[in-house]
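Enquirer: Mind the numbering: the sequence shown is residues 79 to 317 in the working numbering, read in order.
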Amino acid sequence: MAAMAVLPFVAGALLGVPLVGREIDQGTAPLAWSLAGSRLRWFTPRLVVVGAVLGVALSGAALAAEALSRASNFWLDPETTTFVDYGIRGPLVVLRGLAAFSIALLAGAALGRVLPALVATGVACVLLYQVATATQWMGLPSPEPLVRRPDRWALESEFIGYVDASGSLLSWEEAAARAPMPPEDENFEPWFAATCAEEVKAGTERLGFVAWREAAGLGALTLVLVGASAVVVRRRRPT
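#1: Go ahead and pull the three-state DSSP assignment for V241.
#2: Roughly how far, in whole angstroms, is the beta-carbon of R117 from the beta-carbon of V311, given that I think they are within contact range, below 8 Å?
#3: By the DSSP assignment, the alpha helix (DSSP H) with P86 in it spans what residues?
#4: Would DSSP call A257 helix, strand or coil?
#5: In chain order, which alpha helix (DSSP H) runs of at least 4 residues are fully inside the stretch 104-171?
#6: Does the Cβ-Cβ distance between G138 and L176 come in under 8 Å?
#7: Give me, in chain order, the residues of the same chain whose beta-carbon lies closer than 7 Å to that of V95; leave out the 5 immediate sequence neighbours on both sides.
#8: Once you ignore the five residues that flank V309 on each side, which residues in its own chain have a CB closer than 7 Å to its CB?
#9: Between which two residues does the alpha helix (DSSP H) carrying T300 extend?
#10: Given this structure, state the Cα-to-Cα distance separating V171 from L136, to the nearest angstrom.
#11: Taking the continuous alpha helix (DSSP H) assigned at Q208, which residues delimit it?
#12: Roughly how far, in whole angstroms, is the beta-carbon of G90 from the beta-carbon of F179, given that I think they are within contact range, below 8 Å?
#13: Helix, strand or coil: which one does DSSP assign to E234?
#14: Any idea what DSSP makes of A81, helix, strand or coil?
#15: How about P261 and A254: do their beta carbons lie closer than 8 Å?
#16: So is D263 buried or exposed if we call it buried at 16+ other beta carbons inside 10 Å?
Right, here's the structure in full:
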């Protein structure tokens, strides 16, 4: 699973940089562009094919990682564990790879040299990851109470108290004071389990708020950089 953290960025970089950068680096761009009739006519099919290959490959890896994550964390409640293996399973794997691909595409087209473009892409991908991580918890909706199921562990949540049969929120001391026996009595735990349900604070990010926000940002970034790459290909000098 750890490899999934870097796989989309590496795959995007390795496929994106050579798409335009290698042609310019090897001096074959003028011939390729002239044979295609126009630069955009040469650029667009290559972009679509390579982007589709990357998307399909990463989709398979993302689905496999999703299944592996659920299998290895089978005791967790999926509704309260959105951030288990966050970003290394599911659709974000594909979107991160496409964002890296668009960065690499622009770097290759702008620099026209494969190795410098790969270095620039690596730096940009590290910065992208840092920004995504730093802004992940910003502007989240207010937390909401969520009763913890006794047979599951609610991860990424904050304990706030206990709830009795009437729905009142109690601290540990208040709940223990209501017990007909002291906490050290062997009958205390069965009584407590039957009388009080533990409550935790789980924000609405468990519904995918952060994931949707990152997905929107990555999608917008990808579209902008692909458009910028098309402009660079159309206007740049062949060498």
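All C-beta atoms, glycine included, are put in the ideal place defined by N, C-alpha and C.
Expert: On the basis of the data shown:
#1: In the three-state DSSP reduction, V241 falls in the strand class (E or B).
#2: 5 Å
#3: 85-103
#4: coil
#5: Listed in chain order, the alpha helix (DSSP H) elements of length 4 or more contained wholly in the stretch 104-171 are 107-114, 117-150.
#6: The answer is no: Cβ separation not under 8 Å.
#7: A182, A185, G186, V192, A195, L196, T199
#8: none
#9: 287-313
#10: 7 Å
#11: 192-212
#12: 4 Å
#13: In this prediction, E234 scores a pLDDT of 49, lower than 50, which makes its location untrustworthy; no coordinate-derived value is stated.
#14: helix
#15: yes
#16: exposed
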